[in-house]
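Note sheet for the following structure.
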Amino acid sequence: MSSRPHTAVVANAKIFPVFANRLASHDLNEYINTAKKLKNWLGSEKAYYPDALRNIVLLLEIAHQTFTRRFLPTESSALAVIDIYQALIRAVIPFLRFFTEEDLQLRLQDLIQSSSEISTNSIYPIRAESEATTQEYKDATSIITSTRDATPSTQLMFPSNAQMESVQSPVRCTRAVYS
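With our numbering applied, the sequence shown covers 58 to 236.
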């Protein structure tokens, strides 16, 4: 066996927090570029290995929160981001069968439903963001975004089948439900 059997899984575990930070960014271009990279990666069945599933949902939730709280209230930024946002959320639909945990299924259902309810007809300035909303947003993204961007490459990789079965991701989740 190779001395690097888990390269893709380990590298992705380091990149997930980087993507989380970038999807939480107020910068339109950074959000769009990261969402495009993630959408392309999510277009392959190989992206849905067991250790990636919870991270995928977290990244989609962060993308949703950023879109709805940062970009949607401003018509120009909402129009610039809506297509990639909806494409990102829809990217997981063909692969829903991989999300076997009930909490992940429910969270994905909410994301898919929410994104489908947003259309260009509904984009208009909603309101200025309150302090409570800002704090809620920071709290919601703090767990996955606590890692600094020290990764030289931010390209997600696809693990081999052997890698997918044996590696546990080091990213911690606070909303895990165990039965």
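By construction, the Cβ of each residue, glycine as well, lies at the ideal position given by its N, Cα and C atoms.
Since the model is a prediction, treat every value here as computed from it, not as a measurement.
Supposed contact pair residue j and residue i - C-beta distance, whole angstroms, cut 8 Å
{"i": "A120", "j": "L145", "result": "6 Å"}
{"i": "S172", "j": "Y142", "result": "7 Å"}
{"i": "Y105", "j": "F152", "result": "5 Å"}
C-alpha gap between residue i and residue j, whole angstroms
{"i": "N78", "j": "A70", "result": "14 Å"}
{"i": "I89", "j": "Q212", "result": "15 Å"}
{"i": "V114", "j": "L161", "result": "7 Å"}
{"i": "V66", "j": "N112", "result": "12 Å"}
{"i": "F215", "j": "H63", "result": "10 Å"}
Per-residue DSSP class, three states only, for residue i
{"i": "I169", "result": "helix"}
{"i": "E158", "result": "coil"}
{"i": "L243", "result": "Beyond the ends of the chain as shown, which are 58 and 236, falls residue 243; an answer cannot be given."}
{"i": "Q212", "result": "coil"}
{"i": "V67", "result": "helix"}
{"i": "L129", "result": "coil"}
Neighbourhood of residue i by C-beta distance below 7 Å, restricted to the same chain and skipping five residues each side
{"i": "A148", "result": "K96, L99 and G100"}
{"i": "F124", "result": "V138 and Y142"}
{"i": "T91", "result": "F76, R79 and L80"}
{"i": "L168", "result": "L117, E118, H121 and I146"}
Same chain only: Cβ atoms within 8 Å of residue i, ignoring 5 sequence neighbours per side
{"i": "S134", "result": "L85, R127 and F128"}
Contacts around residue i, its chain only, beta-carbon distance under 6 Å, and the 5 residues preceding and following it disregarded
{"i": "E102", "result": "none"}
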